[in-house]
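See below for the structure under consideration.
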Amino acid sequence: MKLPVTMTINGQKSSHDVEPRLLLVHYIREVVGLTGTHVGCDTSQCGACTITLNGQAVKSCTMFAVQAEGAKITTIEGMAKNGELHPIQQGFWEKHGLQCGFCTPGMIMTVVQILERYPKPTEEQIRHQLEGNLCRCTGYHNIVKAIQWAAEHMPAKKK
Amino acid sequence: MATVTQERLFGKSVKRREDPRFITGRGTYVDDLRLPGMTYAAFVRSPHAHARIKKIDVSAALKRPGVVAVFTGKDMVGVNSLPCGWDLRKAKNVPGVMQDLAIVPHMPLASDAARHVGDPVAVVIADSQAAAVDAAEKVRVDWEPLPSVTATDKATQGGAPAIHADAPSNVAFKWEIGDRVATDAAFKGAAVTVKKRIVNQRLVANAMEPRACVARYDEATGELTLWVTSQNPHVHRLLMCAFVLGIPEHKVRVIAPDVGGGFGSKIFLYNEEVVCSWLSRRLKRPVRWTSSRSEAYLTDAHGRDHVTHAELALSRDGKILGLRVKTTANLGAYLSTFAPAVPTFLYGTLLNGVYTIGAIHCEVTGVFTNTTAVDAYRGAGRPEACYVLERMVDAGARAVGMDVVELRKKNFIPKFSGAHQTLVAVVYDSGDYGAAFDKLLHMLDYRKFRAEQEAARKQGRLLGIGFSTYIEACSIAPSKLVGALGAGAGLYESGKVRVHPTGMVTVYTGSHSHGQGHETTFAQLVAGELQIPMEQVEVVHGDTGLIPFGMGTYGSRSASVGGTALLMSVNKVKEKAKKIAAHLLEAAATDIEYQNGQFQVRGAPGKAVPFGTVALTAYIPHNYPEGLEPGLEETSFYDPSNFCFPFGAHACIVEVEADTGKVKILRYLAVDDVGNVINPMIVDGMVHGGIAQGVGQALWEGAVYDDASGQLVTGTMMDYALPKADSLPFYETDRTVTPTPVNPLGIKGAGETGTIAATPAVVNAVVDALAALGVDHIEAMPLTPERVWKTIQASKAKR
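Quick mapping for you: the protein sequence lines, in order, are chains A and B.
Numbering that gives the first Met the number 0 puts the first residue of the first sequence at 0, with every later residue one more than the last.
Numbering that gives the first Met the number 0 puts the first residue of the second sequence at 0, with every later residue one more than the last.
Given below as structure tokens:
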């Protein structure tokens, strides 16, 4: 049995018939073909599959694709606009916030929400908010620096 | 005219050129590949730690929708055991062997018995991943469960079940290094001796990208392409073709594209990639397999797992007179690719540390158990050696009543360059151990900390400091030497420099980057040497179809060994280019010098041709030296004359909550000496990551087997505690620079220092914090609140 599902991913409408058991992350990777969102574990610990869904950072392995009906999703591929990197992406580059790059897309998507919550985050806030994203390469040092850099370079929010 | 780089690239923190694709989600990892006609493999694995396979019934699985085929080990006719690449046998004249290595079979799919939970026994191939997994559940295996043993120190005990017919008492080998007689004598005359049992627990590498492979056989050409998460694609190809499948090496192309971390676990040849390659040839369709994280815990080679009894002999005034080490090393159920080397030649040879020691003897027994195979994990043997020694040095200091800093300083090998013969075979290259330690103590303000600690104790707060003055062996390794020690491979590296007609350059390295940033550092190195902008240099790695035969990346060898191979090729390119330039300038080649990106006549800077013109001339050789071959491309293989020995000093300051046993890291400081550094930003990053892994072992990580059932209890990221951002501080790092005389770059290697140094520094710090409560040793890690709390309670009970 397949069910129809429609959502908007990075501004583009996406409609497919999928098995109800298909996880959102597998939908994004295997059906839509956006492979920047990664799978690093089976138990929703690693955060490599983090996307934003209706503005919230979500581990896309924790949802079925059919649960995202009508949702607005941004994946890592939707972060740069017109060839220009988002300040969070730029921060990771400037501060060497990645090594193997596998956790990076999920990290960046999580940071979108961290900076929404805390536009000027303290080190402690950053570290606490990163608790759901694992990195095995960097020891987090430069990821925290990258987020601090991004916070300083985010454009001011329009009121 | 070629642009001239004014800046010196070597030593500059250039931003990484690989980052744009990773931060935009455009990396290409193995699981990202999509091929037409793709099929998907799912493995049927043993749920038992040890069980005889009576029968496997695949009929129900074959009836499932979407299933293409199901195979068991019996179907894989003509396929051989996965090889062990390190042979510890007396007949091979391998030094130190007391009992020959038992070389036991390790079939890609087990058909007689399963020897650990997760051992693969059948494979299902279907037209979707979900269909394959569904059908795998329908494969019926008739198991006869057998008794199992998982604990390192129980493997050889009477009553333990025999795991392999060819390994009586489950002993894989016995090996020794050092001087037993001299060590016994040193202990006899010593005023102070300390003895400790030290457990270095089993770890799982946990690269964030799970292992994966895609095999595609092309019937028309007879070529097999294997994309695989590998740190060394040529090693994978050689082992798989020559030893396991018996297929022609030149018809196989192994590609390791973007690889999401390795830490050793992606060095080895595994069952799954062999099976998928075999399947693709058999089915004539592409086959993909991606490990789930649960499968990764069960099948990625684990690390460490030593139980050691160590003794240190000292004089009354704190001179180290002798070290005696007896280690049992758990190898798991099978011999992984380089497993026998790790607890022997990568362990015993590092027990001299940075100290002058009177005598050393070390004995190692490798044992089989019903657990996942153990092999190299970041540091591989060297962290285990450093851990034993640095813990014993602290224990020794306490036994003689000396400050741990003073005892270290008293015993350091004095500064030297060229050669220092240790008591455990290896010859150090260059070192100034006191200098790194002094720098660390200065950063730390040691005296001030001790005063703070004293004040805190008065308030009932437990602060502690731990040190680790480590050494390690990198730049792996001289082929002739490792061959004499049992290696089945040479450990040189290859590097090719291709100058294109327009003066653009492509560099091909046998090293492999899975996070190390080679595309940046090697471009820096080559562009700097050729005095051209970095943008003119592209780095290619990880594809046996493109690069010369190379040994890959592990053992902190890429910059030192791989970089030197590239330097040799650059120098050959320059030599040839000088001949071409000399011809164009009508001068003698010996009079040509290379300055600012131009070949010029010495003493006449006006007479010059730029690099690009020489490159073009090499490919359009109309006006060209007689007898010189056209083209400008050179390949080199560099085989180092010795290991390199990075060293340094790390310190950790912790606070322990006496009521809960919780350990908090207040400061972590590191002074590393890795020789010369191409890109400080990248080296710092590797030091950070290494520290986090070392701290992880000390405080949180550990692969735990249930003794009775042989089940891996820590089989997911929910159960295996990986370091997280909120439990780690910013690290305070610095360097001293003692270039190695071994290679012309003066680079020692930087990939493993943090992992090696951090673990003992943290544990020493916790023991120091608990010293006020009478604790003088903690036997096992990780130092979870439970373990620390129990240690405190036990100490209270004794008083």
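Ideal Cβ positions, reconstructed from N, Cα and C, are used throughout, including at glycine.
Practice task
Classify B/Ser478 as helix, strand or coil using the three-state DSSP reduction.
Solution key: For the purposes of this step, residue 478 of chain B is identified with residue 479 of the second sequence, where counting begins at 1. Three-state result, B/Ser478: helix.
Problem - Interfacial residues, the segment 73-85 of chain A to chain B, with Cβ spacing under 8 Å - result: Thr74, Ile75, Glu76, Met78, Ala79 and Leu84
Handout entry: Among B/Pro679, B/Glu656 and B/Lys797, nearest to B/Trp788 - alpha-carbon criterion
Key = The residue labelled residue 788 of chain B in the question sits at position 789 within the second sequence. The option with the nearest alpha carbon to B/Trp788 is B/Glu656.
Exercise for the section: For chain A, find out if any of its Cβ atoms is closer than 8 Å to the Cβ of B/Met0; answer yes or no. Expected result: The residue given as residue 0 of chain B occupies position 1 in the second sequence. The predicted position of B/Met0 is uncertain, since its pLDDT is 32 and thus under 50; a value taken from the coordinates is nonetheless stated next. No, B/Met0 lies away from the interface with chain A (no Cβ there is under 8 Å from its Cβ).
Problem - Backbone secondary structure at A/Cys99 - three-state DSSP - result: As a working note, residue 99 of chain A is residue 100 in the first sequence. Coil.
Practice task
Using DSSP bridges, identify the partner residues of B/Cys876.
Solution key: Past the boundaries of the shown model lies residue 876 of chain B; chain B is included only from 0 to 798, so the question cannot be answered.
Exercise for the section: Determine the direct distance from the alpha carbon of B/Pro46 to that of B/Val120, and round the result to whole angstroms. Expected result: Within the second sequence, the letter at position 121 stands for residue 120 of chain B. Within the second sequence, the letter at position 47 stands for residue 46 of chain B. Near 11 Å, if we compare the C-alpha coordinates of B/Pro46 and B/Val120.
Handout entry: Any chain A beta carbon closer than 8 Å to B/His687
Key = Taking the second sequence and counting its residues from 1, one reaches residue 687 of chain B at position 688. True, the Cβ-Cβ gap to chain A drops below 8 Å.
Problem - Straight-line gap, B/Gly352 to B/Ala204 (C-alpha atoms, nearest Å) - result: On the second sequence, position 353 is the one that residue 352 of chain B refers to. On the second sequence, position 205 is the one that residue 204 of chain B refers to. Near 25 Å, if we compare the C-alpha coordinates of B/Ala204 and B/Gly352.
Handout entry: CA nearest to the CA of B/Gly605, picked from B/Glu592, B/Ala614, B/Thr616 and B/Leu615
Key = Start at 1 with the first residue of the second sequence, and residue 605 of chain B comes out as number 606. Cα-wise, what sits closest to B/Gly605 is B/Glu592.
Handout entry: Test item: CB-CB of B/Ile52 and B/Phe367 under 8 Å
Key = Locating residue 52 of chain B in the second sequence gives position 53, counting from the first residue. Locating residue 367 of chain B in the second sequence gives position 368, counting from the first residue. Contact: no.
Exercise for the section: Starting from B/Tyr730, find everything on chain A with Cβ-Cβ shorter than 8 Å and list it in chain order. Expected result: Position 731 of the second sequence, counted from the start, is the residue given in the question as residue 730 of chain B. In chain order: Gly138 and His140.
Exercise for the section: Could you check how far apart the C-beta atoms of A/Pro120 and A/Met153 are, in whole angstroms? I think they sit under 8 Å. Expected result: If you number the first sequence from 1, residue 120 of chain A lands on position 121. If you number the first sequence from 1, residue 153 of chain A lands on position 154. Not really, about 11 Å apart at Cβ, beyond 8 Å.
Problem - Backbone CA spacing between A/Val65 and A/Tyr26 [nearest angstrom] - result: For this step, residue 65 of chain A is matched to residue 66 along the first sequence. For this step, residue 26 of chain A is matched to residue 27 along the first sequence. Taking the straight line joining both Cα atoms gives about 9 Å.
Exercise for the section: Report the three-state DSSP secondary structure of B/Cys212 (helix, strand or coil). Expected result: Here the question's residue 212 of chain B lines up with position 213 in the second sequence. Note: B/Cys212 maps to strand in three-state DSSP.
Handout entry: Chain-ordered neighbours of A/Gln88 on chain B, where CB pairs are closer than 8 Å
Key = In the first sequence, the residue the question calls residue 88 of chain A occupies position 89. Within chain B, the residues near A/Gln88 are Ile22 and Thr23.
Exercise for the section: Following the continuous beta strand (DSSP E) through B/Phe646, name the residue where it begins and the one where it ends. Expected result: Your numbering for residue 646 of chain B matches position 647 in the second sequence. Segment Phe646 to Val655, the beta strand (DSSP E) holding B/Phe646.
Problem - Selection from B/Pro738, B/Val253, B/Asn570 and B/Asn410 that minimises the alpha carbon distance to B/Phe644 - result: In the second sequence, residue 644 of chain B corresponds to position 645, counting from 1. Comparing Cα-Cα distances from B/Phe644 to each of B/Pro738, B/Val253, B/Asn570 and B/Asn410, the minimum goes to B/Pro738.
Practice task
Grab me the residues of B/Tyr216's own chain with a C-beta within less than 7 Å of its C-beta, minus the 5 sequence neighbours each way, in chain order.
Solution key: Here the question's residue 216 of chain B lines up with position 217 in the second sequence. Here the set comprises Leu223, Ser279, Arg280 and Lys283.
Practice task
Tell me, please, whether the segment 692-699 of chain B touches the segment 743-757 of chain B by the rule of three or more beta-carbon pairs shorter than 8 Å.
Solution key: yes
Handout entry: Residue(s) in a DSSP beta bridge with B/Asn199
Key = Along the second sequence, read from residue 1 onward, the residue named residue 199 of chain B stands at position 200. Answer by DSSP bridge pairing, in chain order: B/His305.
Problem - Beta-carbon spacing of A/Ser59, A/Ile50 below 8 Å - result: Counted from its first residue, the first sequence places residue 59 of chain A at position 60. Counted from its first residue, the first sequence places residue 50 of chain A at position 51. Yes. Within cutoff.
Practice task
Check the Cβ of B/Asn205 against every Cβ in chain A and list those closer than 7 Å, keeping chain order.
Solution key: For the purposes of this step, residue 205 of chain B is identified with residue 206 of the second sequence, where counting begins at 1. Result: Arg135.
Problem - Beta carbon of B/Ala396 nearer than 8 Å to that of B/Leu406 - result: By 1-based counting over the second sequence, the position of residue 396 of chain B is 397. By 1-based counting over the second sequence, the position of residue 406 of chain B is 407. Yes, these two residues count as a Cβ contact at 8 Å.
Exercise for the section: Return the chain-ordered list of same chain residues with a C-beta closer than 7 Å to the C-beta of B/Glu439, the five sequence neighbours on each side being excluded. Expected result: Mapped onto the second sequence, residue 439 of chain B falls at position 440. Here residue 439 of chain B turns out to be Leu, not Glu, going by the sequence shown. Closer than 7 Å at the Cβ level, and outside the excluded window around B/Leu439, lie Ala648, Ala650, Leu668 and Val670.
Handout entry: Residues of its chain near B/Gln523, where Cβ-Cβ distance is below 8 Å and the 5 sequence neighbours each way are ignored
Key = The residue you call residue 523 of chain B lines up with position 524 of the second sequence. Correct list, in chain order: Leu8, Phe9, Lys11, Val13, Met533, Ile677 and Asn678.
Practice task
At 8 Å on the CB atoms, spell out the chain B contacts of A/Leu129, in chain order.
Solution key: Your numbering for residue 129 of chain A matches position 130 in the first sequence. Under the 8 Å cutoff, chain B gives Lys723, Ala724 and Asp725.
Problem - Nearest-angstrom Cα separation, counted from B/Ala338 out to B/Tyr445 - result: Translated into positions along the second sequence, residue 445 of chain B becomes position 446. Translated into positions along the second sequence, residue 338 of chain B becomes position 339. So the two alpha carbons sit approximately 40 Å from each other.
Handout entry: Cβ neighbour criterion (16 or more within 10 Å) applied to B/Thr589
Key = If you number the second sequence from 1, residue 589 of chain B lands on position 590. The residue in question, B/Thr589, is exposed, as its Cβ has fewer than 16 Cβ neighbours within 10 Å.
Practice task
Let me know if B/Gly24 comes out buried or exposed under the rule of 16 or more other beta-carbons within 10 Å of its beta-carbon.
Solution key: Here residue 24 of chain B refers to the residue found at position 25 when the second sequence is read from its first residue. Per the 10 Å Cβ criterion, buried.
Practice task
Using a Cβ cut-off of 8 Å, pull out every chain B residue sitting near A/Val143, in sequence order please.
Solution key: Start at 1 with the first residue of the first sequence, and residue 143 of chain A comes out as number 144. Simply Ala724 and Phe729.
Exercise for the section: Would you verify that the beta carbon of A/Ile113 is, or is not, closer than 8 Å to some beta carbon of chain B? Expected result: Counting from one through the first sequence, the residue named residue 113 of chain A turns up at place 114. It does not: the Cβ of A/Ile113 has no partner Cβ on chain B nearer than 8 Å.
Handout entry: Beta carbon proximity, B/His209 to chain A, threshold 8 Å
Key = One-based indexing of the second sequence puts residue 209 of chain B at position 210. In the sequence under discussion, the amino acid at residue 209 of chain B is Pro, which differs from the His named in the question. It does; some Cβ of chain A falls within 8 Å.
Problem - Below-8 Å beta-carbon distance, B/Tyr28 vs any chain A residue - result: On the second sequence, residue 28 of chain B is found 29 positions in, with the first residue counted as 1. Yes, its Cβ sits closer than 8 Å to a Cβ of chain A.
Exercise for the section: Kindly list the residues whose CB is nearer than 8 Å to the CB of B/Ala50, restricted to its own chain and excluding five residues on each side of it in sequence; keep chain order. Expected result: Numbered from 1 along the second sequence, position 51 holds the residue referred to as residue 50 of chain B. Closer than 8 Å at the Cβ level, and outside the excluded window around B/Ala50, lie Ala112, Ala113, Trp142, Glu143, Pro144 and Leu145.
Handout entry: Coarse secondary structure for B/Tyr432, derived from DSSP in three states
Key = Reading the second sequence from its first residue, position 433 is the one you call residue 432 of chain B. If DSSP states are grouped into helix, strand and coil, B/Tyr432 belongs with the helices.
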